Every structure is written in C-alpha cells, then in structure tokens.
C-alpha cells in the first residue's frame with residue numbers, strides 16, 4: 002500500500018442531530034472534511050491554508066457515502082481516511098467512520114477531487130512536490 | 002418509464018455558502034431532501050408526516066453525488082427527482098440539480114433508501130398500497 | 002417612521018429541524034439573514050454583492066432573539082425586517098418572523114451591525130450615498 | 002457567587018466557516034449548546050438525555066450574543082458558561098467564548114430558558130431536586 006491512512010477522533014455536536022434523533026445524513030460529509038483538514042495539518046504537515054496560499058485548491062467531483070449505522074447525541078467517533086488513488090490531475094480519498102464506543106462501522110465511502118489553480122479556476126497537473134507531500 | 006419525475010424550485014440561502022464562496026458540498030444533499038419532501042406532499046400527495054404517522058420511515062443506505070458546477074449566492078435552482086428503482090424493501094431516487102438562470106447541470110446522483118417500521122426500527126416489505134402511492 | 006419595513010416569505014427546510022422536532026434555534030438567524038439579502042436586492046435595489054464589490058461590508062456586533070413559538074417541518078413563514086436605527090458607523094435592524102398559516106409571531110429581535118472597509122477591516126463613517134440607499 | 006462556571010474546549014469545523022472566511026454568526030449558538038450539553042454530563046453529572054427521560058425539557062426564550070472578534074478556520078476555543086439566575090420556572094445561562102491561542106474574547110452573551118414538562122409542553126415550577134443539581 003502506497004498511501005497511509007490516518008485517524009481523527011471527533012464528537013457529535015447537538016446541532017448535528019436531526020428530526021430522526023440521529024446525526025443528519027449530510028453531516029457525515031462535514032466530519033470527513035474536518036478530519037481531512039486536521040490530517041493535512043498534523044499528518045501530512047501541509048495545512049490547507051498553506052495549500053491555498055500557494056494558489057492551489059481541491060474541488061470535489063464525486064462523493065459516495067454508504068450508511069451502515071447512525072451516530073447519536075454525544076457519540077465520539079473515529080474518522081479514518083487515506084488516499085486510495087493519486088492521478089495526474091486529481092485524487093480519491095477513502096474514508097471509514099467508526100463509533101468509538103462500539104467499534105462498529107457507521108459509514109464508509111469515498112470522495113474524488115480535482116486539483117485547481119485558484120487564480121484560473123482550472124484543473125492543473127499536480128506538481129511533483131505536492132505529490133510527494135501526500136505520498137507518505 | 003414507470004415512475005414520474007418531479008421538479009421543485011429552490012433558492013440558495015446565504016448560510017449555505019462556505020469559505021470557497023460556493024454552496025457547501027453537503028448542502029446539495031439537503032436540497033434534494035427538501036425537494037423530495039415537497040414532492041411527497043404536492044406530487045405524490047403523501048406527505049412525509051403522514052408516512053411517519055403510519056409507522057413507516059425511510060432510512061438512507063447510500064448517497065452518491067457527482068458535482069459538475071457549483072451554485073453561488075442567491076442562485077435559483079431546479080431539483081428534479083424521480084424513483085429509478087422500487088424493490089421489495091427499498092427504493093432508489095435519482096436527482097439532477099440545475100441552475101435556473103443558465104440551465105446548466107450543477108450536480109446529479111442518487112440516494113438509496115430502505116423502508117423501516119419505525120416501531121421496530123427494522124426493514125420491512127413495502128406494502129402494495131405504498132408502492133401504488135409512488136407508482137405515478 | 003423614517004425607514005421602511007419589508008417582508009420576505011420563506012419555507013422551513015427539513016435540515017432546519019433539530020432533535021426537538023422544531024426549527025433549530027440558531028436557524029432563525031439564518032432566516033433573517035436570507036430575508037435581508039433578498040430585501041437588499043429587491044427592495045433597497047442594492048444587492049450585497051454590489052455592496053461588497055465597492056469595498057464595504059457589514060459586521061454583526063450584537064444579535065438578540067426573543068423566541069415565542071417554534072416553526073415546524075414544512076412551515077411557510079414571513080420575515081419582516083427594517084432598519085430601526087442608522088448611525089454614523091452602523092445600524093440596527095429589527096425583525097419579526099411570523100408563521101404564515103397561523104399569523105402568529107414566532108420570534109422577534111434585532112441585529113446590530115458596524116460598517117467596515119473590507120480592505121482595511123476597520124469600521125468607517127457610512128458615506129451619505131449609502132445612507133440614501135437605505136433611507137427608503 | 003452561587004453558581005459555578007465551567008469550561009469546555011472545542012474546535013472550529015471547516016463547515017462552520019462562511020463566505021466571510023470566519024465562523025458563521027449563528028454557529029456560536031451551536032458552540033454554546035455543545036458546551037452546555039458536555040457540562041451537563043461532566044460537570045453537573047446530569048446529562049440532557051437523563052433530564053429528557055424524566056419528562057423535562059428546556060425551551061429557549063431569549064438569546065443574546067455580543068460579537069467581539071471572529072473565530073477562523075481550525076481555531077481552538079474555550080466556552081465558559083454558568084447559570085447567572087435560577088428562578089421558579091426558568092434560568093439564565095451566561096457564556097463567554099475565548100480564542101485559545103490569543104486568550105482574547107470572541108463573543109459573550111446569555112440564553113434564557115423556561116423548563117417545560119415534555120408531556121404537556123407547558124412550563125412548570127422547577128422541582129427542588131433539579132435546582133439542587135444545578136446549584137453547584
């Protein structure tokens with residue numbers, strides 16, 4: 002396996018709970034995003050702010066979530082993410098969210114991203130030095 | 002084609018916009034959800050509240066979104082949804098979100114649902130009379 | 002009365018409902034914000050985008066909401082807002098949110114704003130031509 | 002001083018950031034709510050779930066936020082809250098949110114709550130044993 006996986010622990014906020022008394026479906030997206038930002042900073046040592054300040058950005062092109070078991074009020078959970086594919090112009094990030102208490106899988110899935118030059122808004126070939134940052 | 006498609010017009014709210022100056026990725030989920038509730042009431046004539054009060058619920062099992070072009074502040078958009086598959090215990094709902102002004106596709110995808118008995122929390126065979134409600 | 006009041010009709014989205022089966026408390030903020038943007042465009046004829054592009058912004062300094070009756074799933078409601086005070090460097094906007102069906106008050110309150118120069122981030126004396134835009 | 006103050010550390014999530022590149026104004030509400038739930042469990046040793054299961058609930062009647070300095074992407078912050086008034090049928094909770102890195106105040110304010118019987122939906126005199134739980 003070429004790319005590492007990293008884990009971030011987070012907790013459900015009361016405003017994440019919807020009328021069904023579970024975490025609202027779209028919030029799992031936000032959990033993966035939060036974990037990914039945290040891992041860019043602490044694991045890849047390449048914070049998103051730095052990435053943006055260099056004129057690059059990631060634009061999401063596809064999101065897939067398979068829901069298994071919902072999270073509830075106050076639950077602590079682990080978001081494990083890792084690059085599963087890194088191509089010329091983009092990458093795929095896989096994820097698994099696990100309930101910390103039960104150890105059971107809540108959902109998994111993947112997000113596809115294209116790298117863009119934030120000045121032109123167009124996709125670009127990912128420079129080698131960026132690929133190196135992610136190839137750990 | 003066995004199942005109809007319906008359209009709902011909505012507008013981006015300022016709180017939907019994220020740091021990238023576009024609608025936050027996870028909010029497209031919420032737009033489809035909002036359109037679906039509206040269509041259950043006005044097109045299927047079977048509001049979600051009625052569905053729930055009869056002891057049934059829909060649990061999402063899979064969400065897939067293909068992002069094409071982002072929506073921005075104040076944009077009006079059309080959410081077209083329709084059942085693409087209705088099986089013994091669940092259904093698949095396809096959707097397309099289109100920018101009203103440009104007529105261009107913003108994103109499409111599908112959601113898979115399993116029907117549950119809200120008292121037991123378990124999946125159940127969808128009764129014929131419910132299938133009839135959706136077979137229009 | 003020196004300043005007009007304007008009304009915007011909106012509808013509760015399913016993702017606005019929280020675990021208490023009502024609109025989540027903080028979402029009323031977002032409803033007022035949405036109404037205010039709409040009214041800047043259609044009533045003041047001075048869209049926020051134009052305001053920002055001229056180098057000005059409004060920074061909120063105080064928010065007060067008095068909650069009377071909650072809104073629920075699918076409710077349509079009216080957001081009435083109006084400037085109640087316009088001073089050298091800021092303004093106060095009062096609001097009332099009313100349930101369209103019952104005509105009853107859901108909440109009221111006020112937001113205080115300071116005008117800032119978006120380039121310096123500092124507050125500035127509001128130019129006369131901006132005051133004129135709002136004095137209708 | 003009759004009532005204790007408690008502190009909870011939280012972190013800004015990327016989905017909390019709005020088009021102004023700061024935490025969205027209404028999210029500070031949600032931060033106070035999250036801190037309050039955490040403090041009910043760990044400081045008052047009286048989790049909200051237990052409170053609800055006994056047939057009681059808190060309904061917000063007033064929210065006041067004074068905004069001083071915004072929080073930004075990735076910021077860690079401290080939410081200090083404490084009861085400032087506990088009356089026959091309700092209470093007032095004061096709060097301060099401080100940026101952990103700078104030690105500077107981001108916002109403060111207060112929330113007023115009325116206690117309701119969740120079965121009748123009506124306000125009730127707060128029983129002595131509940132008052133004792135909060136009088137620490």
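Protein chains in written order, with the working numbering: chain A, 2 to 137; chain B, 2 to 137; chain C, 2 to 137; chain D, 2 to 137. Positions of the beta carbon are idealized from the N, C-alpha and C atoms, including for glycine. Predicted, not measured: the structure shown is a model, and the values here were computed from it.
Cutoff 7 Å; reference residue i; Cβ partners in own chain excluding five residues on either side
i: residue 58/C; result: 117, 119
i: residue 115/D; result: 60, 62, 90, 91, 124
i: residue 38/A; result: 49
Terminal residues of the beta strand (DSSP E) in which residue i lies
i: residue 20/D; result: Run containing residue 20/D: none; DSSP gives neither H nor E here.
i: residue 77/D; result: 77-87
i: residue 7/C; result: 6-12
i: residue 119/B; result: Careful: residue 119/B lies outside any beta strand (DSSP E) and carries neither H nor E.
Span of the alpha helix (DSSP H), counted from its first residue to its last, around residue i
i: residue 42/C; result: 28-43
i: residue 55/B; result: Premise fails: residue 55/B is in no alpha helix (DSSP H) and is neither H nor E.
i: residue 98/B; result: Element bounds for residue 98/B: not the alpha helix (DSSP H) but the beta strand (DSSP E), 91-100.
i: residue 125/D; result: Taken as a continuous stretch (DSSP letters only), residue 125/D belongs to no alpha helix (DSSP H), as it is neither H nor E.
From the options, residue whose alpha carbon lies closest to that of residue i
i: residue 7/C; options: 35/C, 123/C, 15/C; result: 35/C
i: residue 90/C; options: 124/C, 112/C, 31/C; result: 124/C
i: residue 76/D; options: 22/D, 5/D, 3/D, 134/D; result: 22/D
i: residue 122/A; options: 68/A, 53/A, 41/A; result: 53/A
i: residue 68/D; options: 96/D, 88/D, 48/D; result: 96/D
Nearest-angstrom beta carbon gap, residue j and residue i [assumed within contact, 8 Å]
i: residue 50/D; j: residue 74/A; result: 7 Å
i: residue 19/D; j: residue 16/B; result: 7 Å
i: residue 136/A; j: residue 113/A; result: With 8 Å as the limit, residue 136/A and residue 113/A do not qualify as a contact, their Cβ atoms being about 18 Å apart.
i: residue 134/D; j: residue 45/D; result: 6 Å
Residues near residue i in its chain [Cβ-Cβ closer than 6 Å; skip 5 each side]
i: residue 65/A; result: 110, 111
Cβ neighbours of residue i in the same chain (closer than 8 Å, five flanking residues each side left out)
i: residue 78/C; result: 10, 11, 12, 13, 32, 72, 98, 99, 100, 101, 107
i: residue 41/A; result: 47, 48, 49, 52
i: residue 86/A; result: 92, 93
_Counting beta carbon pairs with one atom in the stretch 95-104 of chain A and one in the stretch 122-129 of chain A, are three or more of them shorter than 8 Å?_
no
*For the stretch 2-28 of chain B, enumerate the residues whose C-beta is nearer than 8 Å to any C-beta of chain E, in chain order.*
The chain labelled as chain E is not found among the protein chains of the depicted structure, namely A, B, C and D.
*Three or more C-beta pairs below 8 Å linking the stretch 45-62 of chain C and the stretch 81-90 of chain B*: no
_At least three beta-carbon pairs within less than 8 Å, the stretch 26-42 of chain D to the stretch 21-37 of chain C_ = yes
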